[in-house]
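A quick write-up on the structure given underneath.
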Amino acid sequence: MLNDGSTPKNLQVVVTPDVYQDISSLILTGTSLLIEGVVQKTPEDVKDAKQLVELQATKILFVGLCPGTYPISKTKLPTDFLRTVPHLRPRTNLISSVARIRNALAFATHSFFQEHGFAYVHTPLLTASDCEGAGEMFAVTTMFKSAEEEARRPPVTDKELAAAQAEFDTRAQKVQDLTAKGAKTNQIEAATKDMNEKKRALDHLISRRNCVNGFPYKDGKLDFSEDFFGKESYLTVSGQLHVETYACAINSVYTFGPTFRAEDSHTARHLAEFWMIEPELAFCDLDGMMKCVQDYVQYMCQFLLDNCYDDLEFMNERIDNKCIERVRQVVAQPFKRISYTEAIELLLKEMKDKKVKFDNPVEWGVDLKSEHEKYICEVVFKQPVFVYNYPKAIKAFYMRANEDGKTVASMDLLVPGVGELVGGSQREERAEVLEKIMIDKNLPLDTYYWYLDLRRFGTVPHSGFGLGFERMILFSTGIENIRETIPFPRWPGHCV
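Note that the sequence shown covers residues 32 to 527 in my numbering.
This is the structure we're talking about:
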């Protein structure tokens with residue numbers, strides 16, 4: 032049996048000794064082959080034939096032999112073992128099917144937004160802004176290398192510091208004297224340049240003097256002004272804030288790329304590196320944004336049914352016998368919509384009338400947990416559900432405040448098997464309102480000045496959302512662990 036990677040289905044190849052003598056070497060699992068031959072109908076006298084056609088080999092063009100130490104066997108292997116050989120696991124039926132489904136969903140994503148007039152924007156992976164406000168970000172720094180070098184150098188002495196201070200003072204006095212005498216401009220400029228060089232040398236010694244284990248400190252805190260970017264910098268948790276700048280300039284846009292979160296979680300639903308699709312719709316409110324979400328998710332599901340059905344069948348047979356039904360259901364009907372307040376009332380009623388018990392509390396003001404989300408979409412409505420208008424206290428600073436003063440114009444899309452698939456909101460476009468919210472949440476205005484400028488200079492009402500790409504794959508396939516949905520999963524303690 033041979034597989035070319037385009038489908039989970041194999042092709043039987045018939046090789047005779049006159050074509051290749053050592054036939055036994057060709058049938059070892061993991062062997063790669065390039066074969067020339069004739070595709071023909073499988074003979075009727077072949078018992079239990081599983082294929083209508085087979086390849087009658089006429090020439091073996093290439094053989095990549097695979098020794099007996101190959102760790103991928105024909106038998107089904109546990110996924111936690113496959114994660115120990117990430118460079119070989121794409122050769123398994125499961126991971127190769129996931130790869131094709133992932134490819135199809137990525138193609139569908141670009142197709143949908145391009146067909147609807149969105150511009151694709153590449154947002155930065157390096158940022159000084161925390162979009163989520165959770166603080167669980169990977170720091171980006173070059174100070175470790177310089178700290179190691181500094182730790183090997185002798186400490187700065189009082190004598191060195193005093194000499195550098197004297198050199199600077201002398202140069203500074205010279206500049207004052209030349210200026211007072213009305214010296215030529217080129218003389219003053221040369222003296223000023225010399226003074227500035229001595230000032231930099233002095234500052235460098237002072238910084239070294241304040242180092243702790245090689246790291247620069249100032250006022251008891253790490254001095255990031257000595258770092259590569261001159262400030263605290265991180266791997267991004269979201270491209271949203273940056274892509275908003277283009278939505279306010281060239282109309283509706285989207286970004287599709289990796290994001291990172293330093294959350295010390297080992298659950299089957301968390302990754303340290305994951306991909307997000309984040310569109311921003313100019314001149315769009317919450318209602319219009321929810322319509323876009325529905326159209327997009329339905330488009331992806333229909334694309335899978337039309338272009339990736341063999342892989343969905345494989346998942347349906349091996350992983351989750353309801354995954355095709357679930358994908359079809361998304362396409363078949365509009366999504367249900369309920370407010371957050373209605374969702375809380377619904378859960379409380381279920382607890383009272385049907386004696387349903389949850390591990391987490393249910394009351395107005397709490398963030399819905401996975402068990403609540405799944406109960407709403409799997410048990411109550413049995414379909415995707417939009418929950419909108421969440422309490423402002425549990426949502427991000429950039430979401431538009433509603434007139435009731437208690438909620439924001441936000442929404443989550445809940446889907447069976449996963450829970451939250453999409454989160455989004457209408458953005459706060461009023462500069463004065465946004466600035467007050469940021470002050471109340473103790474966000475540094477100097478870091479977010481550019482974000483406020485979008486509202487100060489020609490503000491644009493807009494809405495946007497983020498879809499977790501790996502969660503979409505979980506929904507489509509029924510795979511239980513999110514680490515199987517991405518080619519090279521990263522989680523605490525694991526980065527190959």
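Don't be surprised by glycine CBs; every beta carbon is placed ideally from N, CA and C.
These numbers were taken from a predicted model, which means no experiment stands behind them.
Cross-strand partners of residue i (DSSP beta bridge)
i: R458; result: M430
i: M226; result: DSSP lists no partner for M226.
i: E451; result: L445
i: V416; result: K367, L445
i: M307; result: G288, G499
i: L33; result: L42
i: A170; result: Y265
i: P422; result: T438
Beta carbon of residue i nearer than 8 Å to that of residue j
i: M331; j: S494; result: no
i: F169; j: L266; result: yes
i: Y419; j: S370; result: yes
i: L156; j: P310; result: no
i: Y101; j: G36; result: no
i: L272; j: Q457; result: no
i: F366; j: Q325; result: yes
i: S507; j: G450; result: no
i: A232; j: A195; result: yes
i: F412; j: L444; result: no
i: D341; j: T73; result: no
i: A462; j: L476; result: no
i: P523; j: D295; result: yes
i: T478; j: V129; result: no
i: G509; j: M346; result: yes
i: M530; j: G497; result: Residue 530 falls outside the range modelled here, since the chain spans only 32 to 527, and no answer is possible.
i: P117; j: F519; result: yes
i: L312; j: S269; result: no
i: K252; j: A159; result: no
i: E460; j: P492; result: yes
Coarse secondary structure for residue i, derived from DSSP in three states
i: M442; result: strand
i: K72; result: strand
i: V206; result: helix
i: H494; result: A small correction: the amino acid at residue 494 is Ser; His does not occupy that position in the sequence shown. Strand.
i: Y532; result: Nothing about residue 532 can be reported from this structure: the residues present for the chain run from 32 to 527 only.
i: A214; result: coil
i: F500; result: helix
i: H525; result: strand
i: Y151; result: strand
i: Y265; result: strand
i: F246; result: strand
i: A20; result: Because the chain spans 32 through 527 in this model, residue 20 falls outside it and cannot be assessed.
i: K252; result: strand
i: L157; result: strand
i: R184; result: coil
i: V410; result: helix
i: D234; result: helix
i: Q145; result: helix
i: H297; result: coil
i: K472; result: coil
i: I510; result: coil
i: K400; result: coil
i: F260; result: coil
i: Q52; result: coil
i: F488; result: coil
i: T478; result: coil
i: I517; result: coil
i: L505; result: helix
i: E302; result: Note that residue 302 is Leu in the sequence shown, not Glu. DSSP places L302 in coil when its eight states are reduced to three.
Where residue i falls, given that 16 or more other Cβ within 10 Å makes a residue buried
i: H297; result: exposed
i: A139; result: buried
i: F175; result: exposed
i: G99; result: exposed
i: K107; result: exposed
i: I54; result: exposed
i: F144; result: buried
i: V526; result: It is worth fixing the name first, because residue 526 is Cys in this sequence and not Val. Burial call: exposed.
i: D161; result: buried
i: V358; result: buried
i: R183; result: exposed
i: A88; result: buried
i: K386; result: exposed
Discussion item. My parser needs the alpha helix (DSSP H) runs of 4 or more residues fully inside the region 313-398; what are they?
Written reply: 317-338, 340-349, 354-363, 371-384
Practice prompt. Pick out the complete beta strand (DSSP E) segments inside the region 55-134, 3 residues or longer, and give them in chain order.
Written response: 63-72, 84-95
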